[in-house]
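Structure, as structure tokens:
Residue numbers (our numbering): 3 to 90.
Given below as structure tokens:
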């Protein structure tokens with residue numbers, strides 16, 4: 003079976019797509035944060051517990067990177083997109 007190739011016209015306003023889910027380990031959170039967002043609540047469980055978040059938490063950049071991968075895997079790599087024309 004061939005995957006669907008998505009074009010702009012295929013996207014319906016208000017529609018939602020299920021991108022799945024991703025489990026993330028504490029080790030993965032710390033590894034990403036160590037390289038890209040070295041804030042205490044992303045690097046250390048005790049620092050996370052002392053924060054407003056109440057525990058070790060993934061960086062927002064980490065969650066954005068995971069989302070982008072899930073978006074690409076779900077349909078973007080099978081689209082006619084060749085880049086973004088800009089932001090309205």
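Beta carbons: idealized from backbone N, C-alpha and C, even for Gly.
Through-space distance from residue j to residue i, alpha-carbon basis
i, j, result
"residue 80", "residue 52", "43 Å"
"residue 39", "residue 33", "10 Å"
"residue 16", "residue 85", "22 Å"
"residue 47", "residue 76", "32 Å"
"residue 42", "residue 49", "6 Å"
"residue 74", "residue 13", "15 Å"
"residue 54", "residue 78", "35 Å"
"residue 18", "residue 10", "15 Å"
"residue 82", "residue 72", "17 Å"
"residue 29", "residue 56", "17 Å"
Cβ shell of residue i (< 8 Å), same chain only, five flanking positions each side left out
i, result
"residue 31", "44, 58, 59, 60, 61 and 64"
Residue of the options minimising C-alpha distance to residue i
i, options, result
"residue 68", "23, 10 and 11", "23"
"residue 27", "35, 20 and 9", "35"
"residue 21", "82, 70 and 37", "70"
Identified DSSP bridge partners for residue i
i, result
"residue 18", "In the DSSP output, where bridge partners are listed per residue, residue 18 has none listed."
"residue 23", "None, per the DSSP bridge assignment."
"residue 81", "8"
Residues of its chain near residue i, where Cβ-Cβ distance is below 7 Å and the 5 sequence neighbours each way are ignored
i, result
"residue 6", "80"
Fully enclosed by the region 27 to 64, which beta strand (DSSP E) runs are 3 residues long or longer?
none
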